[in-house]
Structure formats: structure tokens, C-alpha cells
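Protein chains in written order, with the numbering used here: chain A, 158 to 438; chain B, 447 to 754.
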């Protein structure tokens with residue numbers, strides 16, 4: 158009897174903790190969504206309403222009618238997708254060499270790449286700035302795609318080479334016996350087998366590029382080339398009382414939705430990739 | 447492992463021919479990666495160090511003037527720099543500490559089986575996945591001094607505060623407000639790393655401990671924590687290096703005002719806003735040194751533990 162009562166209390170405590178964690182994690186999103194649907198007149202009143210009264214979608218209409226915001230969404234998509242494709246293509250070759258082939262200098266290259274995954278982006282900001290200017294790509298998407306390679310490529314190579322390493326050892330030998338060239342072995346046999354790895358690293362690289370702020374802020378100057386994080390950060394350029402919080406929250410929700418969908422669909426892969434990148438390191 | 451690979455192969459002509467072919471292929475496949483890495487990381491890094499010895503400006507045609515170590519002496523004598531270092535370290539130590547403790551609690555909860563566990567794990571990934579720039583804006587609105595939900599909640603619903611606080615426009619609270627956002631955003635990442643470690647601990651150790659009469663608290667200290675050691679170390683290093691270069695959060699929420707200027711925001715300001723390429727690059731190098739010191743600190747403490 159007493160034991161059972163203790164269990165009930167334990168269960169209650171457990172569920173209380175679960176609910177507290179859930180609220181802590183999700184409340185800021187709830188608040189962004191709620192504020193985005195609140196009419197501006199109600200947003201700037203006290204006391205605060207915890208559920209929007211007379212909800213309106215006018216903030217969403219405003220931001221989608223804003224050509225700068227639409228442009229920023231497009232820019233972000235172009236930059237992130239191009240960055241991912243280039244890193245995966247270049248990175249797959251490099252990762253295959255590091256994960257499967259024997260050659261002199263392999264460990265030096267591997268550790269150099271690994272150390273670069275922890276490279277502070279800020280440390281080369283000035284040099285990249287001069288480089289971007291010299292190449293004539295300042296304030297273009299190319300500047301972002303090029304500089305994003307500093308963090309997406311080492312990461313891609315590192316995680317993908319672990320995927321290659323995990324494949325059975327005798328795959329190449331079997332292919333060679335069948336008369337395949339090393340290159341054919343790579344792209345016809347091993348590359349398809351790492352498809353899950355490509356998806357995981359591609360996703361993580363996409364999130365990294367989609368979320369990047371420092372380079373995007375530094376290497377673009379106007380609304381035509383800005384990406385979404387910078388556009389949303391600069392929404393608040395005006396004076397304090399003029400900040401259009403409902404619009405900012407609507408924009409935040411719009412940008413968050415694709416990421417929430419990615420997380421829902423690829424949850425397992427993302428966790429695998431994150432822990433592989435970290436724990437195996 | 448790399449050096450012994452080639453000679454260790456059988457010496458038959460066909461095989462060594464194959465080994466040579468393999469090596470050529472490896473170098474060929476590595477060329478694009480190495481070109482990119484050298485072009486956008488190594489060259490800029492060496493260039494950064496080189497520029498620190500010059501009085502160089504961005505966007506100016508004036509020739510660079512060699513100044514020796516002047517940028518370094520100026521930085522070391524700058525009260526602003528040491529303040530930024532102190533702010534960054536305060537921020538880092540506080541956020542990494544709370545992330546570890548909270549992340550551990552969440553990992554332990556999510557590790558036990560309960561309905562809705564999968565949903566919980568998904569919910570945990572969301573704060574991590576959204577751009578810091580956006581979560582900063584979301585929190586900035588929650589922190590609003592008049593219309594913010596946090597002020598309303600803590601003065602009206604659960605009245606702990608005597609009056610509303612300008613959380614991020616007040617030198618006493620601003621940096622802790624930033625810590626709270628960072629903790630919210632990155633605790634899930636910490637929890638997931640720890641969870642991966644927890645799932646590797648075999649369940650029968652706990653069963654044996656229960657049979658021996660060890661309670662949950664004791665099991666945590668004698669089984670869970672020692673087994674999680676490497677996961678904790680990795681998570682700590684990752685998060686520390688990340689927190690030391692905090693930029694987005696500070697730039698958006700306070701622009702470095704109210705005692706929140708960090709090393710990275712000071713660096714970007716000097717480089718881009720003030721166009722001081724030489725001095726700004728010196729700050730970059732100094733950040734590198736501070737981060738390296740932390741890495742050395744971690745590694746030496748870990749190795750010292752290992753020997754005991």
C-alpha cells in the first residue's frame with residue numbers, strides 16, 4: 158500500500174518535470190506564434206494577454222508583401238542549398254580518400270580537417286573581407302557560399318569519412334576483382350551506400366548555412382543580398398517604440414517552420430549526425 | 447596508421463602497382479578539398495597574423511605601414527579588451543555550467559521510457575535548429591521592459607519582482623539575460639550528447655546496484671556519472687569553444703552595451719565598423735590564443751585525472 162502511494166507521487170513528480178521541460182523548451186515559440194497573430198494595437202498594451210484576442214494574420218500579409226523579406230528568403234535558400242551541394246560534392250571525394258584509401262600523409266590531413274571543425278569563424282573575418290573584396294564578390298551570394306565552406310566543408314569531410322569507414326572492408330576488393338576501376342568503385346558502389354550519411358551531413362550543413370549570421374552580416378550590405386537572419390535582425394533598425402514586433406515574430410515563425418519540418422522528418426538522422434560528429438571526435 | 451599502410455602490403459608487383467594507384471587516386475580526390483581549405487581557411491589565417499604587424503585600414507588606398515608589435519601593446523593596454531575578455535569568460539562559465547546541469551537533468555528524464563518520449567526528443571531539437579539571430583529576437587521581445595511577457599509574468603501572475611525590469615538595458619542584468627537565452631538554445635544539444643552517452647550504459651549495472659540496495663542518487667554518482675565522463679568532456683569542450691566566440695546573440699540583443707561586449711563583438715566592431723584591419727586582426731589572434739588556452743586547460747586537467 159505504502160509502496161504504491163510512493164509510486165504515485167514519483168509518477169506525479171516525473172510528469173511535473175516533463176511538463177516543466179516541455180514548457181521551458183516550447184514557450185518562446187508559443188509566444189512568437191501568439192504575438193505574430195496579435196493585432197499591433199493589442200500587442201502594446203498591459204497587462205499582457207496570454208492568448209491572442211481577435212487574432213489576425215495581418216503581420217504575415219505585411220511581411221510577405223515586403224519585397225525585402227521575400228528576397229531574403231530566396232537569398233537564404235540559394236546560399237544554403239548551393240553551399241550544401243558544393244560541400245557534399247567536394248567533401249565526398251575527400252572523405253572517401255580519408256575513409257577508405259591508404260596513402261602517405263593521411264593522418265596529418267585528417268587531423269588538420271578535424272581541428273578545422275573547431276575553427277573560430279571570427280578569427281579570419283578581416284582576411285576573408287579583404288579576399289571577398291579583391292575577388293569582386295562583396296555583397297553577392299558568392300561571397301557567402303565561398304566563406305561558408307570554411308565551416309561546412311571540414312565538417313562534411315569529417316562526418317562522411319566516418320560513414321565511409323563504417324562500410325564493410327572488402328567492398329573494394331570485390332569490385333576490383335570484377336574489373337572495376339577505383340573511380341567506378343567509388344561512385345557506383347561506395348557512394349550509393351553512404352546515401353544516409355550524405356543526407357545527414359547535408360542536413361546539418363544546410364542548417365549551419367541557413368542559420369549563419371556573422372559572415373552574412375559582414376559580407377553583404379543591402380537588402381538585395383541579405384539572408385533571412387540578417388534581415389530579421391535588422392528589422393529593428395528604427396527607434397525603440399517603432400519596432401514592429403508582430404512582423405518580426407511572424408518572420409521568425411516563417412523561418413522556423415521549415416526547420417521544424419526538417420527536424421520532425423529527420424530527427425533520428427540529425428541526432429546520429431550530431432553525436433557522430435561530437436562523440437567520435 | 448598511415449605510414450605503415452603502403453609498405454605493409456604484399457610485395458607482389460600487381461599489388462604494389464595497385465597500392466600506388468590507390469595513393470594517386472587518394473591525392474586526386476583530396477585536391478578539391480585541400481584547395482578550398484587552404485584558400486578559405488589557411489591562407490586567411492596566415493594573412494590575419496601577417497596583418498597584425500601593420501597599421502592597415504579596410505577600404506583605404508593608403509599603403510600599409512609596418513608597426514611591429516604596436517597593435518599588440520595597444521590591445522594589451524586596452525581596458526576595453528580586458529573587459530570584453532572578462533565578459534566573455536563570465537558568459538561562458540555561467541552558460542556552460544547551467545547547460546551541463548540542466549542538460550543532465552533533461553537527458554536523465556528523456557532516457558527513461560514514457561509515452562510521448564519521441565515527441566519530447568523532437569521538441570528538444572527545435573531550439574537548437576533555429577537560427578540564433580531569430581531566437582535572439584524572440585527573447586528580446588519576451589524581455590521587453592514594458593510589454594514583455596517575462597515582466598508581466600513575474601510582476602502579475604507570479605509576483606516575485608517588485609517592479610518591471612529592463613532586462614537587457616541594465617548593466618546588472620543584461621549579461622545574465624544573455625546567458626539565459628544561450629542556455630535555452632543550447633541545453634538541448636548538451637542533453638542529446640549526454641543522452642547518447644546514457645544509452646551506452648548497460649542496464650544490468652543498475653539492476654545489480656539495485657539488488658545491492660543502492661538508491662537512485664547513489665547510482666547516479668557511482669554508475670551514471672563515471673560512465674558518462676567522456677561524453678561530458680566532449681560536450682563541455684564543444685560548448686566552451688562555442689560560447690567563447692559568442693556573437694549573434696550579443697550583437698542583436700544589446701550590441702555590446704550594458705557590460706555585454708564580448709571578444710567577438712569587439713572584434714567585428716573594430717574590423718568592419720572602424721575599418722581597422724591591423725588592430726582588428728590583432729583581436730582575432732588574441733581570441734585564438736584565449737580559446738587555445740581553454741583547450742590546453744581542459745586537456746591538461748583531463749590528462750591529470752587520467753593518471754590518477
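For glycine and all other residues, C-beta sits at the position ideal for the given N, C-alpha and C.
Classification of residue i by the beta-carbon crowding that lies within 10 angstroms, buried from 16 upward
i, result
"residue 597 of chain B", "buried"
"residue 258 of chain A", "buried"
"residue 650 of chain B", "exposed"
"residue 714 of chain B", "buried"
"residue 291 of chain A", "exposed"
"residue 361 of chain A", "buried"
"residue 697 of chain B", "buried"
"residue 327 of chain A", "exposed"
"residue 311 of chain A", "buried"
"residue 661 of chain B", "exposed"
"residue 618 of chain B", "exposed"
"residue 631 of chain B", "buried"
"residue 170 of chain A", "exposed"
"residue 208 of chain A", "exposed"
"residue 562 of chain B", "exposed"
"residue 243 of chain A", "buried"
"residue 690 of chain B", "buried"
"residue 722 of chain B", "buried"
"residue 176 of chain A", "exposed"
"residue 449 of chain B", "Low confidence applies to residue 449 of chain B: its pLDDT is 42, below 50, so where it sits in the model is not reliable enough to give any reading."
"residue 628 of chain B", "buried"
"residue 250 of chain A", "buried"
"residue 571 of chain B", "buried"
"residue 664 of chain B", "exposed"
Chain B within 7 Å of residue i, Cβ atoms only
i, result
"residue 212 of chain A", "no"
"residue 174 of chain A", "yes"
"residue 426 of chain A", "no"
"residue 313 of chain A", "no"
"residue 281 of chain A", "yes"
"residue 395 of chain A", "Because the pLDDT at residue 395 of chain A is just 48, under 50, the model does not fix this residue reliably, and the value given afterwards should be weighed accordingly. Judged by the 7 Å Cβ criterion, residue 395 of chain A is not in contact with chain B."
Residue i vs residue j beta-carbon contact at 7 Å
i, j, result
"residue 373 of chain A", "residue 193 of chain A", "no"
"residue 695 of chain B", "residue 582 of chain B", "yes"
"residue 727 of chain B", "residue 498 of chain B", "yes"
"residue 606 of chain B", "residue 600 of chain B", "yes"
"residue 410 of chain B", "residue 638 of chain B", "As shown, chain B starts at 447 and ends at 754. That puts residue 410 of chain B outside it, with no answer to give."
"residue 281 of chain A", "residue 408 of chain A", "no"
"residue 441 of chain A", "residue 232 of chain A", "Nothing in the structure corresponds to residue 441 of chain A, since chain A is present only between 158 and 438."
"residue 300 of chain A", "residue 289 of chain A", "yes"
"residue 614 of chain B", "residue 699 of chain B", "yes"
"residue 318 of chain A", "residue 252 of chain A", "yes"
"residue 585 of chain B", "residue 635 of chain B", "no"
"residue 730 of chain B", "residue 494 of chain B", "yes"
Chain A contact residues for residue i, given Cβ-Cβ distances below 9 Å
i, result
"residue 630 of chain B", "181, 182, 185"
"residue 598 of chain B", "203, 204, 205, 207"
"residue 737 of chain B", "275, 277, 280"
"residue 520 of chain B", "Result: empty, since nearest Cβ-Cβ is about 16 Å, beyond 9 Å."
Interface residues of chain B facing residue i [CB-CB closer than 9 Å]
i, result
"residue 442 of chain A", "Lying before the first or after the last residue shown, residue 442 of chain A is absent from chain A, which here runs from 158 to 438."
"residue 375 of chain A", "714, 717, 718"
"residue 188 of chain A", "584, 587, 588, 595"
Residue-chain proximity (residue i, chain A), Cβ-Cβ < 7 Å
i, result
"residue 486 of chain B", "yes"
"residue 408 of chain B", "Residue 408 of chain B lies beyond the stretch modelled for chain B, which goes from 447 to 754, so this question has no answer here."
"residue 637 of chain B", "no"
"residue 527 of chain B", "no"
"residue 613 of chain B", "no"
"residue 561 of chain B", "no"
"residue 506 of chain B", "no"
"residue 490 of chain B", "yes"
"residue 555 of chain B", "yes"
"residue 742 of chain B", "no"
"residue 579 of chain B", "yes"
"residue 466 of chain B", "no"
"residue 726 of chain B", "yes"
"residue 482 of chain B", "yes"
Residue i: contacting residues in chain A (beta-carbon distance under 7 Å)
i, result
"residue 734 of chain B", "277, 280"
"residue 473 of chain B", "260"
Beta-carbon neighbours of residue i, restricted to chain A and to distances below 8 Å
i, result
"residue 567 of chain B", "424, 428"
"residue 494 of chain B", "280, 281, 283, 284"
Within chain C, the residues that residue i reaches when beta carbons sit closer than 8 Å
i, result
"residue 550 of chain B", "Absent from the structure is chain C; the protein chains it does hold are A and B."
Neighbouring residues, chain B, relative to residue i (Cβ below 7 Å)
i, result
"residue 194 of chain A", "Within chain B, no residue comes near residue 194 of chain A; the closest Cβ sits about 14 Å away, beyond 7 Å."
What residues in the region 686-702 of chain B have a beta carbon less than 7 Å from any beta carbon of chain A?
Sequence-ordered contacts of the region 686-702 of chain B with chain A read 687, 691, 693, 694, 698 [C-beta pairs closer than 7 Å].
Which residues, taken in chain order from the region 533-544 of chain B, show a beta carbon closer than 8 Å to some beta carbon of chain A?
So nothing in the stretch comes that close.
May I ask you to list, following chain order, the residues of the region 226-257 of chain A that have a beta carbon less than 7 Å from some beta carbon of chain B?
Listed by position, the residues of the region 226-257 of chain A near chain B (Cβ gap below 7 Å) are 247, 248, 250, 251, 253, 254.
Residues of the region 651-679 of chain B with a CB closer than 7 Å to any CB of chain A: list them in chain order, please.
Answer set for the region 651-679 of chain B: 677.
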